[in-house]
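Novice:
Protein chains: 2
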Amino acid sequence: MCNACVIEHVKETMLSRRSLFMGAAASGAAAIAASAISARPAMAQASGKVVDLTYVFDEKFPTFDGAPGIAYEEAVNFDKSGYQLWKLTIVEHSGTHIDAPLHFSKDGMSVDQIPAESLICPLCVIDISAKAKDDANAALEAEDVQAWVSANGDIPKGACIAMNSGWGAKVATPEFRNTPDGKFAFPGFGKSATDLLAEMGVAAIASDSLSLDPGNSPDFAVHNSWLPGGRYGIENLANVDQLPAKGATIFVGAPKHARGTGGPARILAMV
Amino acid sequence: MCNACVIEHVKETMLSRRSLFMGAAASGAAAIAASAISARPAMAQASGKVVDLTYVFDEKFPTFDGAPGIAYEEAVNFDKSGYQLWKLTIVEHSGTHIDAPLHFSKDGMSVDQIPAESLICPLCVIDISAKAKDDANAALEAEDVQAWVSANGDIPKGACIAMNSGWGAKVATPEFRNTPDGKFAFPGFGKSATDLLAEMGVAAIASDSLSLDPGNSPDFAVHNSWLPGGRYGIENLANVDQLPAKGATIFVGAPKHARGTGGPARILAMV
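Chains as they are written, first to last, in this note's numbering: chain L, 26 to 296; chain W, 26 to 296.
(1) Output yes or no for whether 8 Å exceeds the beta carbon distance between W:Leu-165 and W:Gly-215.
(2) Could you tell me whether the Cβ of L:Thr-204 comes closer than 8 Å to any Cβ of chain A?
(3) Assuming L:Leu-268 contacts L:Leu-148 (C-beta within less than 8 Å), just tell me the rounded distance between them.
(4) Less than 8 Å between CB atoms is the rule here; does W:His-282 satisfy it with respect to chain L?
(5) Indicate whether at least one CB of chain L lies closer than 8 Å to the CB of W:Val-81.
(6) Please list, in chain order, the residues of the region 283-295 of chain L that have any C-beta partner in chain W closer than 9 Å.
(7) I think W:Thr-88 touches L:Thr-114, with their Cβ atoms under 8 Å apart; what is that distance to the nearest whole Å?
(8) Note down the Cα distance separating L:Gly-272 from W:Lys-112, rounded to an integer number of angstroms.
(9) Counting C-beta neighbours from all protein chains within 10 Å, is the total for L:Leu-182 16 or more, i.e. buried, or is it exposed?
(10) Decide yes or no for the touch test of the region 206-225 of chain W against the region 166-185 of chain W: beta carbon pairs closer than 8 Å, at least 3 of them.
(11) If you draw a straight line from the alpha carbon of W:Leu-252 to that of L:Gly-133, how long is it in whole angstroms?
(12) Is the beta carbon of W:His-282 closer than 8 Å to that of L:Ile-95?
(13) Enumerate in chain order the residues of its own chain whose CB-to-CB distance from W:Leu-221 is below 6 Å, with the five nearest sequence positions on each side excluded.
(14) CB-CB under 6 Å to L:Arg-297, same chain, minus the five flanking residues each way: which ones, in chain order?
(15) What runs of the beta strand (DSSP E), each 3 residues or longer, lie entirely inside the region 66-136 of chain L?
(16) Please state the DSSP three-state secondary structure of L:Thr-204.
(17) Thinking just about the alpha-carbon of each residue, which of L:Gly-107, L:Ala-263, L:Pro-126 is nearest to the one in L:Lys-195?
(18) Could you check how far apart the C-beta atoms of W:Ile-145 and W:Thr-274 are, in whole angstroms? I think they sit under 8 Å.
(19) In whole angstroms, what is the alpha-carbon distance linking L:Ala-184 and L:Ala-229?
(20) Chain W partners of L:His-128, CB-CB under 8 Å?
(21) In terms of DSSP beta bridges, what is L:Asp-169 paired with?
(22) To which residues of the same chain is W:Phe-82 closer than 8 Å at the C-beta, ignoring the five residues directly before and after it?
(23) For L:Asp-137, go through chain W and note every residue whose CB falls closer than 9 Å to its CB, in chain order.
(24) Note down, in chain order, every chain W residue with its Cβ under 9 Å from the Cβ of L:Ile-95.
(25) When we look at the beta-carbon of W:Glu-84 and count the other beta-carbons within 10 Å, is it buried (16 or more) or exposed?
(26) Quick one: which chain L residues come within Cβ less than 8 Å of W:His-353?
(27) How would you call L:Ala-69, buried or exposed, if buried means at least 16 neighbouring beta carbons within 10 angstroms?
(28) Within 8 Å (strictly less), CB to CB, does W:Thr-88 reach chain L?
(29) Taking buried to mean at least 16 other C-beta atoms within 10 Å of its own C-beta, is W:Asn-189 buried or exposed?
(30) Rank W:Gly-285, W:Leu-237, W:Ser-130, W:Leu-293 by C-alpha distance to the C-alpha of W:Val-247 and give the top, closest one.
(31) Flag this pair as yes or no: are the beta carbons of W:Tyr-97 and L:Phe-129 separated by less than 8 Å?
(32) Identify, in the order they occur along the chain, each residue of the same chain with its Cβ nearer than 7 Å to the Cβ of L:Glu-99, setting aside the five sequence neighbours on each side.
(33) Alpha carbons only, please: which of L:Leu-293, L:Gly-285, L:Asn-162, L:Val-296 is nearest the one belonging to L:Leu-127?
(34) Quick one: which chain L residues come within Cβ less than 9 Å of W:Glu-117?
(35) Can W:Ala-155 and W:Thr-204 be called in contact, C-beta distance under 8 Å?
(36) Which residues in chain W sit within 9 Å of L:Leu-144, going by Cβ to Cβ distance?
Here it is in structure tokens:
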């Protein structure tokens, strides 16, 4: 594909999404439904490079409550049977994973009900790593969204907004979850930002830390507003520092078990 | 994206993949590694339509051995805590899922080690539904691959080859797994086909039935040759009848747990 074609196509896609946004209900389940039905997924740019946004998941991967998120039991042994497989026990909200609306709403959309069309999205990356260096509980706020728009243009409807707080560099250390003096702390989204992103018709937010809300959140304000609105979240997104601010396409391999409140997912980007 | 651009791009991608194939070792781990490093993933065509190739996974979803593939245990209760989540027990090879090389080789590639680049592939669909109507254990053989190539052109290196046996129409019935008189039976790939596909540098095969091998296979010949060669498989692929014979791109959301022999995956196509 020639570069001119790609650029032309991305412009067309964004224009189409913006038009939809202007004409459609701009928040909550209505927006995600409109996106799912009408919007064309973003296409990736010409390089075709794949960036894996998923951590390897094992018993040692950090979790919100500190307990292992996965356990393995041998179900079939290779030496005995000529093949092998595990029976796995998995806590839904561990590893690189999805938060479905049902996680924070009694009757919300379960992970299998998230429209497939909203799992392939234009990806915008907002960098708050400078303030997260000074504050382990730094929040991505509305002003950070506005600064991104000033620098990069409108956020396309149906996009996924990823936070780059620099936390990925800490994933193999205790500081992914705690300050050096042992206080539970990591960056997250602020409600001022997610309220604005909801108005913009964004489909998903993704955190490069353990949670959508910062570690010191007293009330899970983002979980409690973003998810019940019919949108989804991603936690522990990997390799966000390898992504451009705009122009990538995210592919969200959300699990599809019935009644799921979320679960480990395979997430890739084409940049 | 204009249609001319799409066509031009697909041609370029296929030429590039073919050149790679001609110059590289054409089987096993070498081929998948070459594909992972050098080949550009396929791009989807212009319509941007997403087809979900994943079944909803629950306790009733048919499995190879007949036992439930997933069990749910409440981990957090909404009425008590204001949010909710499950602890899941999952047999790796159930639902729409991946077979990693490690499933049929003692030290093969585990599911987390499959290169991310080989999870976004050009998708070719070979229809054997006519012969599967007469034979529940019908196999997709080399002659079916050759007929596809005669009709559609060369298979791109790094492609995923999906079998459409028509079995998706039976998924909610006992006949997905057994003949009406109770014999274990479903279509699958024949080794004549998968040996040829390995020579062609194909990355993955996908079955719309319970297994890569037909139900009456005495020896898992395809599992035992395809997987140890460093390639992966997909079983229980959904909605293959909604796909074109060529031109779609498959996104394989393989799970990424360490040491995994496979596992439930979210699989989408852009057509």
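All C-beta atoms in this analysis are idealised placements derived from N, C-alpha and C, irrespective of residue type, glycine included.
Specialist: Looking at the coordinates:
(1) The residue labelled residue 165 of chain W in the question sits at position 140 within the second sequence. The residue labelled residue 215 of chain W in the question sits at position 190 within the second sequence. In contact: W:Leu-165 and W:Gly-215 (Cβ atoms closer than 8 Å).
(2) In the displayed structure, chain A is absent; the protein chains listed are L and W.
(3) Along the first sequence, read from residue 1 onward, the residue named residue 268 of chain L stands at position 243. Along the first sequence, read from residue 1 onward, the residue named residue 148 of chain L stands at position 123. So it is a contact: roughly 7 Å between Cβ atoms.
(4) Start at 1 with the first residue of the second sequence, and residue 282 of chain W comes out as number 257. Chain L contact via Cβ: present.
(5) Your numbering for residue 81 of chain W matches position 56 in the second sequence. Yes, its Cβ sits closer than 8 Å to a Cβ of chain L.
(6) Taking 9 Å as the upper bound on Cβ-Cβ separation, chain W lies near residues Ala-283, Arg-284, Gly-285, Thr-286, Gly-287, Gly-288, Pro-289, Ala-290, Arg-291, Ile-292, Leu-293, Met-295 of the region 283-295 of chain L.
(7) Position 63 of the second sequence holds residue 88 of chain W. Position 89 of the first sequence holds residue 114 of chain L. In this structure W:Thr-88 is not in contact with L:Thr-114, their Cβ atoms being roughly 18 Å apart against a cut-off of 8 Å.
(8) Within the first sequence, numbered from 1, the residue matching residue 272 of chain L stands at position 247. Within the second sequence, numbered from 1, the residue matching residue 112 of chain W stands at position 87. Going by the C-alpha atoms only, they are around 36 Å apart.
(9) For the purposes of this step, residue 182 of chain L is identified with residue 157 of the first sequence, where counting begins at 1. The residue you asked about is not Leu; residue 182 of chain L is Lys in the sequence shown. L:Lys-182 should be labelled buried.
(10) Because the criterion of three Cβ pairs below 8 Å is met, the region 206-225 of chain W and the region 166-185 of chain W touch.
(11) Here residue 252 of chain W refers to the residue found at position 227 when the second sequence is read from its first residue. Here residue 133 of chain L refers to the residue found at position 108 when the first sequence is read from its first residue. W:Leu-252 and L:Gly-133: Cα-Cα distance of roughly 40 Å.
(12) Along the first sequence, read from residue 1 onward, the residue named residue 95 of chain L stands at position 70. Along the second sequence, read from residue 1 onward, the residue named residue 282 of chain W stands at position 257. Going by beta carbons, L:Ile-95 and W:His-282 fall inside the 8 Å limit.
(13) As a working mapping, residue 221 of chain W is identified with position 196 in the second sequence. Contacts found: Ala-167, Val-170.
(14) Outside the shown range of chain L (26 to 296) lies residue 297 of chain L, about which nothing can therefore be said.
(15) Segments of the beta strand (DSSP E) lying fully in the region 66-136 of chain L: 75-77, 95-101, 110-116, 122-124.
(16) Locating residue 204 of chain L in the first sequence gives position 179, where the first residue counts as 1. Assigned with DSSP and collapsed to three states, L:Thr-204 falls in coil, not helix or strand.
(17) For the purposes of this step, residue 195 of chain L is taken as the residue at position 170 of the first sequence. Answer by Cα proximity: L:Ala-263.
(18) Counting from 1 along the second sequence, the entry for residue 145 of chain W is found at position 120. Counting from 1 along the second sequence, the entry for residue 274 of chain W is found at position 249. 7 Å between Cβ atoms; contact.
(19) Working through the first sequence from its first residue, we reach residue 184 of chain L at position 159. Working through the first sequence from its first residue, we reach residue 229 of chain L at position 204. When only Cα atoms are considered, L:Ala-184 and L:Ala-229 end up about 7 Å apart.
(20) Within the first sequence, residue 128 of chain L is the residue found at index 103, counting from 1. Result: Tyr-108, Gln-109, Leu-110.
(21) The sequence position of residue 169 of chain L within the first sequence is 144, counting from 1. Beta-bridge partners assigned by DSSP to L:Asp-169: none are found.
(22) Residue mapping note: residue 82 of chain W aligns to position 57 of the second sequence, counting from 1. Here the set comprises Gly-94, Ile-95, Ser-119, Gly-120, Thr-121, Pro-289.
(23) Counting from one through the first sequence, the residue named residue 137 of chain L turns up at place 112. In chain order: Thr-79, Val-81, Phe-82, Asp-83.
(24) Position 70 of the first sequence, counted from the start, is the residue given in the question as residue 95 of chain L. Here the neighbours are His-282, Ala-283.
(25) What you label residue 84 of chain W is simply residue 59 of the second sequence in a count that begins at 1. The residue in question, W:Glu-84, is exposed, as its Cβ has fewer than 16 Cβ neighbours within 10 Å.
(26) Here chain W comprises residues numbered 26 to 296, so residue 353 of chain W is not present and cannot be evaluated.
(27) Indexing the first sequence from 1 puts residue 69 of chain L at position 44. Note on L:Ala-69: pLDDT 42, under 50, position unreliable in the model; the coordinate value appears next. By the 10 Å Cβ count, L:Ala-69 comes out buried.
(28) Here the question's residue 88 of chain W lines up with position 63 in the second sequence. At a cut-off of 8 Å between beta carbons, W:Thr-88 makes no contact with chain L.
(29) As a first step, residue 189 of chain W must be located in the second sequence, where it is residue number 164. Classification of W:Asn-189: buried, given that the 10 Å Cβ count is 16 or more.
(30) Looking up residue 247 of chain W in the second sequence gives position 222. Minimum Cα distance to W:Val-247 is reached at W:Leu-237.
(31) In the second sequence, residue 97 of chain W corresponds to position 72, counting from 1. In the first sequence, residue 129 of chain L corresponds to position 104, counting from 1. Cβ atoms of W:Tyr-97 and L:Phe-129: not closer than 8 Å.
(32) As a first step, residue 99 of chain L must be located in the first sequence, where it is residue number 74. Here the set comprises Trp-111.
(33) Position 102 of the first sequence, counted from the first residue, corresponds to residue 127 of chain L. Nearest C-alpha to L:Leu-127: L:Gly-285.
(34) Counted from its first residue, the second sequence places residue 117 of chain W at position 92. Under the 9 Å cutoff, chain L gives Ala-100, Leu-110, Trp-111, Lys-112, Leu-113.
(35) For this step, residue 155 of chain W is matched to residue 130 along the second sequence. For this step, residue 204 of chain W is matched to residue 179 along the second sequence. Between W:Ala-155 and W:Thr-204, the gap from beta carbon to beta carbon reaches 8 Å or more.
(36) Within the first sequence, numbered from 1, the residue matching residue 144 of chain L stands at position 119. Neighbours of L:Leu-144 on chain W, chain order: Val-75, Asp-77, Phe-276, Gly-278, Arg-291, Leu-293.
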